[in-house]
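First the structure, in the form of structure tokens, and then the observations on it.
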Amino acid sequence: MSQVIIIGGGAAGMMAAIAAAGAGHKVCIYEKNEKLGKKIYITGKGRCNVTNACDTEELFQNVVHNAKFLYSSFYAFTNTDIMDLIEKHGCPLKTERGNRVFPVSDKSSDVIHALTAALRKLGVEMELHEEVADVLAEDGHVTGVRLKRGQKVVFADAVIVTTGGLSYPSTGSTGDGYRFAKELGHTITDLSPALVPFVAKEDVCKELQGLSLRNISVQIRNGKKVLYEEFGEMLFTHFGVSGPVLLSASSYVASVLKKGPLTLSIDLKPALSVEQLDARILRDFEEAKNKQYKNSLNHLLPAKLVSVIIERSGISPEKKVNEITREERHQLVQAVKDFCITLVGLRDYKEAIITQGGVSVREVNPSTMESKKTAGLYFAGEVLDLDAVTGGFNLQIAWSTGYLAGISIPQ
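Here this note's numbering is used: position 277 in the sequence shown is 335, and no number is missing along the way.
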């Protein structure tokens with residue numbers, strides 16, 4: 059039996075504690091907040107998207123950086139395993155569109171209660187309002203931690219760092235884990251907010267704020283090079299654009315966006331080819347021959363978008379529909395199929411679901427989550443340089459890496 063200290067009681071920390079205590083170790087979680095799982099409370103808009111119920115191969119496809127590193131983790135503790143664990147401890151789950159798994163109650167607090175019940179059952183000690191100041195090591199092996207309060211030293215055979223990243227700092231994510239890792243010789247890769255809304259150059263976004271678009275396709279381009287393409291939902295905001303397809307896009311283009319603006323192209327009617335859309339518009343125009351152009355697009359587009367598309371098409375809003383030329387109609391088709399916005403930046407960590415970058419996975423053993431630099435030191439969850447798209451995949455990374463770290467501690 060080893061003495062195990064876990065720094066941070068989020069998803070990865072709680073799972074590491076459950077796994078380590080289940081393997082017979084004496085475990086203590088140090089959490090600086092007043093409760094465990096503070097960030098879990100706000101995930102999935104307070105509903106907690108526990109995981110994604112896709113098959114394991116698909117989990118890898120949704121990881122943006124370092125998917126190969128997760129091979130042992132994802133197979134050691136699968137999405138089915140976390141679902142079984144949570145249900146077993148009193149929180150029934152349901153699967154929604156896109157294989158997203160949520161508690162039946164739609165309350166993230168029920169997920170926390172289930173995990174806390176598992177921790178209590180296993181006799182895990184939970185020290186709340188307790189911040190770790192330093193991780194201590196001697197002769198290449200972890201010896202314990204120093205607490206901030208009273209500089210008290212607590213000895214341990216193993217320390218698991220599950221401090222999260224920098225996103226949602228109000229939940230206590232202030233990057234402590236990066237400092238601990240750095241002080242023990244680890245490399246921290248470039249950090250940036252991810253799964254975060256974009257800031258746009260144009261005022262049109264402010265004009266359209268609150269408008270949600272479904273079944274659209276987006277493309278993000280750097281010049282002519284396409285960096286990202288996806289189909290789904292998006293939202294205009296007072297500062298730019300957000301919504302599922304764009305939050306995921308931020309993970310793929312963050313590093314390029316740091317170097318300069320990118321173009322977001324929105325196809326408002328992806329189900330129709332250029333020819334089909336032209337035929338559809340022609341049909342609408344036939345039915346409204348004597349109408350002014352500005353009153354003829356209500357069946358085609360959401361009301362809020364009509365004036366913007368009219369302006370972008372370059373056709374006079376007062377023009378009668380039967381006076382619109384074929385060439386002008388093609389301008390309208392272009393405005394609908396290639397609605398462009400200039401992306402100039404990302405919102406900050408306060409609005410980011412996760413942090414991109416972290417402790418370099420080259421310096422961590424993927425089969426155990428143990429540091430290659432300091433024996434007895436383990437990392438799990440968002441503190442590592444691992445990130446995925448939205449849909450429950452980032453929480454699965456936390457559950458799986460936490461579990462693997464917990465079961466890998468020697469007796």
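Think of the CB as a built atom: it goes at the ideal place given N, C-alpha and C, for glycine as much as any other residue. Bear in mind the structure is a predicted one, so any value in this text is a computation, not a measurement.
- Task: Could you tell me how far apart the beta carbons of alanine 191 and lysine 206 are, in whole angstroms, since I believe they sit closer than 8 Å?
- Result: Counting from 1 along the sequence shown, the entry for residue 191 is found at position 133. Counting from 1 along the sequence shown, the entry for residue 206 is found at position 148. That pair is a contact at about 4 Å.
- Message: Checking 8 Å against the spacing of the C-beta atoms, do tyrosine 236 and valine 441 come in under that value?
- Response: Working through the sequence shown from its first residue, we reach residue 236 at position 178. Working through the sequence shown from its first residue, we reach residue 441 at position 383. It is a contact, given that the beta carbons lie within the stated cut-off.
- Nearest to glutamate 291 by CA position, among Ser228, Phe132 and Gly156, is which residue? Along the sequence shown, read from residue 1 onward, the residue named residue 291 stands at position 233. Taking only the C-alpha atoms, the option nearest glutamate 291 is Gly156.
- Item | Three-state secondary structure (DSSP) of alanine 312 | Stepping through the sequence shown from its first residue, residue 312 is reached at position 254. Reduced to three states, the DSSP call for alanine 312 is helix.
- Query: Who are the near neighbours of glutamine 209 in its chain, counting only those whose CB is closer than 8 Å to its CB and skipping five residues on each side?
  - Reply: Taking the sequence shown and counting its residues from 1, the one referred to as residue 209 is at position 151. Taken in chain order, the residues that qualify are Ala191.
- For isoleucine 467, which option in Ser458, Met427, Gly449 and Leu444 has the closest C-alpha, if you only look at C-alpha atoms? Translated into positions along the sequence shown, residue 467 becomes position 409. Of the listed residues, the one whose Cα sits closest to isoleucine 467 is Met427.
- May I ask you to report which of helix, strand or coil DSSP gives cysteine 263? Within the sequence shown, residue 263 is the residue found at index 205, counting from 1. In the structure shown, cysteine 263 sits in a helix (DSSP, three-state: H, G or I).
- Item | isoleucine 411 - DSSP class collapsed to helix/strand/coil | Taking the first residue of the sequence shown as 1, we reach residue 411 at position 353. Of the three classes helix, strand and coil, the one that applies to isoleucine 411 here is coil, per DSSP.
- Message: My assumption, with CB atoms under 8 Å, is that lysine 226 sits in contact with isoleucine 373. Please give the rounded CB distance.
- Response: Numbered from its first residue, the sequence shown carries residue 226 at position 168. Numbered from its first residue, the sequence shown carries residue 373 at position 315. It is tyrosine, not lysine, that sits at residue 226 in the sequence shown. 45 Å between Cβ atoms; not a contact.
- Query: Mind checking lysine 283: buried by the 16 CB within 10 Å criterion, or exposed?
  - Reply: By one-based count along the sequence shown, residue 283 stands at place 225. Classification of lysine 283: exposed, given that the 10 Å Cβ count is below 16.
- Message: The alpha helix (DSSP H) that contains isoleucine 367, what's its start and end?
- Response: Along the sequence shown, read from residue 1 onward, the residue named residue 367 stands at position 309. Element bounds for isoleucine 367: 361 to 371.
- Query: Where do the ends of the beta strand (DSSP E) carrying leucine 271 lie?
  - Reply: Indexing the sequence shown from 1 puts residue 271 at position 213. Run containing leucine 271: 270 to 280, per the beta strand (DSSP E) assignment.
- Using alpha carbons as the reference points, say which of Lys349, Lys352 and Arg272 lies closest to aspartate 325. On the sequence shown, position 267 is the one that residue 325 refers to. Nearest of Lys349, Lys352 and Arg272 to aspartate 325, Cα basis: Arg272.
- Ignoring anything shorter than 3 residues or poking outside the segment 417 to 444, list the beta strand (DSSP E) runs there in chain order. 435 to 437
- Figure out for me which residue from Gly416, Thr459, His357 and Val62 has the closest Cα to the Cα of valine 203. As a first step, residue 203 is located in the sequence shown; it is residue number 145 there, counting from the start. If we check each option's Cα against that of valine 203, Val62 comes out closest.
- Close-in-space but distant-in-sequence residues of the same chain around valine 366 (CB under 8 Å, 5 per side omitted): Within the sequence shown, the letter at position 308 stands for residue 366. Contacts found: Val262, Glu265 and Leu266.
- What is the DSSP secondary structure of glutamine 469, counted as helix, strand or coil? For the purposes of this step, residue 469 is taken as the residue at position 411 of the sequence shown. DSSP places glutamine 469 in coil when its eight states are reduced to three.
- Query: By Cβ distance below 7 Å, which residues in the same chain neighbour glutamate 260 in space, the five residues on each side in sequence not counted?
  - Reply: Here residue 260 refers to the residue found at position 202 when the sequence shown is read from its first residue. Cβ neighbours of glutamate 260 beyond the five flanking positions: Ile399 and Thr400.
- Query: Apart from the five residues just before and just after leucine 242, which ones in its own chain have a Cβ nearer than 8 Å to its Cβ?
  - Reply: Position 184 of the sequence shown, counted from the start, is the residue given in the question as residue 242. Excluding positions up to five away in sequence, the list reads Val193, Ala195, Ser429, Lys431, Thr432 and Leu435.
- Task: Give the secondary structure of histidine 199 by DSSP, where H, G and I count as helix, E and B as strand, and everything else as coil.
- Result: Along the sequence shown, one-based indexing puts residue 199 at 141. Reduced to three states, the DSSP call for histidine 199 is strand.
- With distances taken from CA atoms, which of Asp445, Gly104 and Asp396 is nearest serine 275? On the sequence shown, position 217 is the one that residue 275 refers to. With distances taken between Cα atoms, serine 275 lies closest to Asp396.
- Beta-carbon spacing of valine 379, lysine 327 below 8 Å: Counting from one through the sequence shown, the residue named residue 379 turns up at place 321. Counting from one through the sequence shown, the residue named residue 327 turns up at place 269. It is not a contact, given that the beta carbons lie outside the stated cut-off.
- Message: For the segment 307 to 324 against the segment 341 to 348, do three or more pairs of beta-carbon atoms, one drawn from each stretch, fall closer than 8 Å, so that the two count as touching?
- Response: no
- Item | For serine 300, three-class secondary structure by DSSP | Position 242 of the sequence shown, counted from the first residue, corresponds to residue 300. In this structure, serine 300 counts as strand in the three-state DSSP scheme.
- Per DSSP, which one or two residues make a beta bridge with glycine 156? In the sequence shown, counting from the first residue as 1, residue 156 sits at position 98. Glycine 156 is not bridged to any residue.
- Under 7 Å Cβ to Cβ from valine 353, same chain only, skipping five residues before and after it: list those, please. Here the question's residue 353 lines up with position 295 in the sequence shown. For the sequence presented, residue 353 should be read as asparagine rather than valine. Excluding sequence neighbours, asparagine 353 sits near nothing in its chain.
- Let me know if glutamate 115 comes out buried or exposed under the rule of 16 or more other beta-carbons within 10 Å of its beta-carbon. Sequence index remark: in the sequence shown, residue 115 carries index 57 (1-based). When all chains shown are included, glutamate 115 counts as exposed.
- Message: Mapping the DSSP letters down to three states, classify threonine 321 as helix, strand or coil.
- Response: Here residue 321 refers to the residue found at position 263 when the sequence shown is read from its first residue. The answer is strand: DSSP assigns threonine 321 an E or B state.
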